[in-house]
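K.L.:
Residue 19 is where the sequence shown starts when you use the working numbering, and the numbers rise one by one after that.
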Amino acid sequence: MVELEDSPRLDAVFHALGDATRRRMLHELTEGARTVSQLAEPFEMSLAAASKHIKALEGAGLIRREVRGRTHVCHLEAGPLASANDWLSVYERFWTGRLDTLEQLLRDADAKSSPPKGTKS
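#1: Quick one, are the C-beta atoms of A51 and V91 less than 8 Å apart?
#2: Quick check for students: name the residue ranges of the beta strand (DSSP E) that lie wholly in the segment 96 to 123, counting only runs of 3 or more.
#3: Can you name the start and end residues of the beta strand (DSSP E) that L94 belongs to?
#4: For T48, does the three-state DSSP call read helix, strand or coil?
#5: Less than 8 Å between the beta carbons of P98 and L80, yes or no?
#6: Based on the DSSP secondary-structure assignment, which residues constitute the bridge partners of M84?
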């Protein structure tokens, strides 16, 4: 379970994931390294605007930027996503338990309303 002392880091991860542009950039990085220009291209945004999104992702530890001359190459750093997943897993277990209970209630209700086997209705 993610401890409370991880809260600032987790806050940064969820803040970074809270923006659709940044989520799409992260998704692009699952296919491999991309330059800032490549990450900006689908959004038709300036490099300055793309850089602001990349800085938010860097601040959350979700990407690493490598400078090659004048080109900045971004790489996915998935480790912080594991902390977010750990935090979310508590709620996954909660909802799985609730849905399992609902399923059992529906099965019980269905069994009560179905005629016994071997009889005609």
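For every residue, glycine included, the Cβ atom is placed at its ideal position computed from N, Cα and C.
P.N.:
Here's the rundown:
#1: As a first step, residue 51 is located in the sequence shown; it is residue number 33 there, counting from the start. As a first step, residue 91 is located in the sequence shown; it is residue number 73 there, counting from the start. For the 8 Å CB-CB criterion, A51 and V91 form a contact.
#2: none
#3: Translated into positions along the sequence shown, residue 94 becomes position 76. That run of the beta strand (DSSP E) goes T89 to L94.
#4: For the purposes of this step, residue 48 is identified with residue 30 of the sequence shown, where counting begins at 1. Residue state, collapsed to three classes: coil.
#5: To locate residue 98, count along the sequence shown from 1; it is residue 80. To locate residue 80, count along the sequence shown from 1; it is residue 62. Going by C-beta atoms, P98 is nearer than 8 Å to L80.
#6: Here residue 84 refers to the residue found at position 66 of the sequence shown. Per the sequence shown, residue 84 should be read as Glu rather than Met. DSSP output for E84 lists V91 as bridge partner(s).
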